[in-house]
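K.L.:
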Amino acid sequence: MAVPELHRNTWAEIDSAAISDNTAAVKARLCRGVRLMAVVKADGYGHGDVESAHAALRAGAEQLAVAYLGEALRLREHGIEAPILVLTPVSPSEAVLAVEHNLMLTVISASWLREIRRYKLGRIGGKLRLHVKMDTGLGRLGVRSQEEWKRMVPWLQRPHIELVGVYTHFATAGQEHTDYVERQLHRFRCMKQWVLQSGFSGVLYHCAGSAAALRFPGAQMDMVRIGAALFGFGPQGLDDGIQLKPALSLHSRMLQVKKLEQGEYIGYDNSYQASGQEWVATVPIGYADGWSQGLRGSMVLAGGMRMPVIGKICMDQLMIRLPHRFPEGTKVTLIGRQQQAEISCRELAQYVNSVPQEISSSLSARVERVYLPAATEGTSSTPSLLVANAAH
Ligand SMILES: *Cc1c(COP(=O)(O)O)cnc(C)c1O
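The sequence shown begins at 57 in the numbering used here and counts up one residue at a time.
Given below as structure tokens:
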């Protein structure tokens, strides 16, 4: 049986024009000649990978990056031809796919380069294009010593391999103090000398993500890798005032509205008790949609007012306390604006001690993404156009 296309009462609206505008705003901050690589990993931080990539490329991004090979292949499948860098090392057996689809890979060790010999990449035609990742202090991935680098050199000089880039990633670019960023930048500049001394030329050096690119022009080097800022998440208070626009709003509708008497319970484990007569609505979004139990007690909007999530958040629903009765079907906004009121990913992130991009990228495939046509930018009526099912 074919499953018909169904629409849930819970959806995210993506404003592609905002992503384009944010891309252009970042681009305007770049020093002459610096390339913009748009990072659209994790389904474009929850905004849709293909749509986000198109929106960024329209506004002048030259390259794309994703975390995993599968994410890159999806972009190619959708006809995107821009250069794509895969940021997380792949297994040696998958290097073949990178050559076939003209993807750039990240390499962090000589042993990986030795391994890929087995797959006879020369047969395919075309080169394997690589970026070497250096660890200058994030402690996550990358080459740490000159010795490790030197072991890679002979492999990188082989005929079917091209060293395209060398990069690193900052640990504290969004923090107020700048000494650790400077330390990492200094290390990276030393590492650049290793590469030059080994005789490589035409290599792109890049180290800045959104926060570093906007705060430290001297860290922009040949290219910047911009993710968060595309989606409106800037280095708050530290970016000398770049205007970024939120690109995602999240909405649902009241499924049931009921009146509680004093002492009645709401939610699993009797997690909320009415302290008097109260109106409560059930909203069909839960932790399986990415609305984590940590958001219990946070605010949502209805009728232009803020109201709290009460009791434990369930897998598929949550309950909110209303200031008065609302009709069933009333729109509830979990991220975005209603009249003068607004709930941002940043506010929610602060509530759960995280970063805004965790809120947007956690929204699961069960939440339908609706792409606003560029002309209706900023409006938040329920669009019926361009519905893309996020379940891919
Ligand atoms: C995710 C990521 C980025 C993008 O960072 P933002 O802060 O979102 O701009 C850049 N570089 C690497 C290596 C990443 O993993």
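Glycine included, C-beta positions come from ideal geometry on N, C-alpha and C.
As the structure is a computational prediction, the values presented were derived from the model and not from experiment.
1) My output table needs one value for threonine 79: the three-state DSSP class, helix, strand or coil.
2) Give the single residue among Gly104, Val426, Asn326 and Leu212 whose Cα lies nearest to the Cα of glutamate 171.
3) Check whether the Cβ atoms of phenylalanine 287 and tyrosine 124 lie closer than 8 Å to each other.
4) How far does the beta strand (DSSP E) with histidine 462 in it extend, from its first residue to its last?
5) Straight-line CA distance for aspartate 174 to serine 149?
6) Among residues of its own chain, excluding the 5 on either side of glutamine 373, which ones have a beta-carbon nearer than 8 Å to its beta-carbon?
7) Is methionine 247 helix, strand or coil when you go by DSSP?
8) Would you please state the rounded distance, in angstroms, between the beta carbons of serine 308 and leucine 390? I believe it to be under 8 Å.
9) Could you check the C-alpha separation between histidine 262 and arginine 207 for me, to the nearest Å?
10) Helix or strand or just coil, what does DSSP make of methionine 361?
11) By how many angstroms is the C-alpha of asparagine 65 removed from the C-alpha of histidine 380?
12) I need the boundaries of the beta strand (DSSP E) containing glutamine 119, first residue and last residue.
13) Return the chain-ordered list of same chain residues with a C-beta closer than 7 Å to the C-beta of alanine 81, the five sequence neighbours on each side being excluded.
14) Could you tell me whether the segment 112 to 131 touches the segment 141 to 157, where touching means 3 or more Cβ pairs closer than 8 Å?
15) For valine 96, which of Asp105, Gly367 and Lys83 has the nearest alpha-carbon?
16) Cβ of methionine 361 within 8 Å of Cβ of glycine 367?
17) By the 10 Å Cβ neighbour count, where 16 or more other Cβ atoms means buried, how is histidine 225 classified, buried or exposed?
18) Give me whichever residues DSSP pairs with glutamate 424 in a beta bridge.
19) Rounded to whole angstroms, what's the CA-CA distance from histidine 157 to leucine 120? Just pull it up for me.
20) Nearest by alpha-carbon distance to glycine 89: which of Ser72, Asp99 and Glu118 is it?
21) To test your reading of the DSSP string, which unbroken alpha helix (DSSP H) runs of 4 or more residues are found completely within the segment 78 to 117?
22) Hey, is the segment 227 to 242 in contact with the segment 198 to 207, meaning 3+ C-beta pairs nearer than 8 Å?
23) Can you give me the Cβ contacts of glycine 353 inside the same chain, cut-off strictly under 7 Å, excluding the 5 residues immediately before and after it?
24) What do you get for alanine 58, buried or exposed, if any count of 16 or more other CB atoms within 10 angstroms of its CB means buried?
25) Using 10 angstroms around the beta-carbon of glutamine 523, count the other beta-carbons present and answer buried if the total reaches 16, otherwise exposed.
26) Which residue marks the beginning of the beta strand (DSSP E) containing glutamate 334, and which one marks its end?
27) Given a threshold of 16 other Cβ atoms within 10 Å of its Cβ, counted over all protein chains shown, does proline 429 qualify as buried or as exposed?
P.N.:
So, from the listed chains and residues:
1) In the three-state scheme derived from DSSP, where H, G and I count as helix and E and B as strand, threonine 79 is classed as helix.
2) Leu212
3) no
4) What is shown of the chain runs 57 to 448, which leaves residue 462 out entirely.
5) Sequence check: residue 174 is arginine here, not aspartate. Computed Cα separation, rounded: 8 Å.
6) In its chain, beyond the 5 residues on either side, Leu311, Thr338, Val339, Pro340, Ile341 and Gly342 have a beta carbon closer than 8 Å to the beta carbon of glutamine 373.
7) helix
8) 7 Å
9) 22 Å
10) strand
11) 22 Å
12) It spans 119 to 122 - the beta strand (DSSP E) in which glutamine 119 sits, taken as one unbroken run.
13) Ile298, Gln299 and Leu300
14) Touching, per the Cβ criterion.
15) Asp105
16) Result no, Cβ atoms of methionine 361 and glycine 367 do not sit closer than 8 Å.
17) The residue in question, histidine 225, is buried, as its Cβ has 16 or more Cβ neighbours within 10 Å.
18) Glutamate 424 pairs with Trp67.
19) 14 Å
20) Glu118
21) Taken in chain order, the complete alpha helix (DSSP H) segments of 4 residues or longer contained in the segment 78 to 117 are 97 to 101 and 105 to 114.
22) no
23) Pro364 and Val365
24) exposed
25) There is no way to answer for residue 523, as the model of the chain reaches only from 57 to 448.
26) 334 to 339
27) exposed
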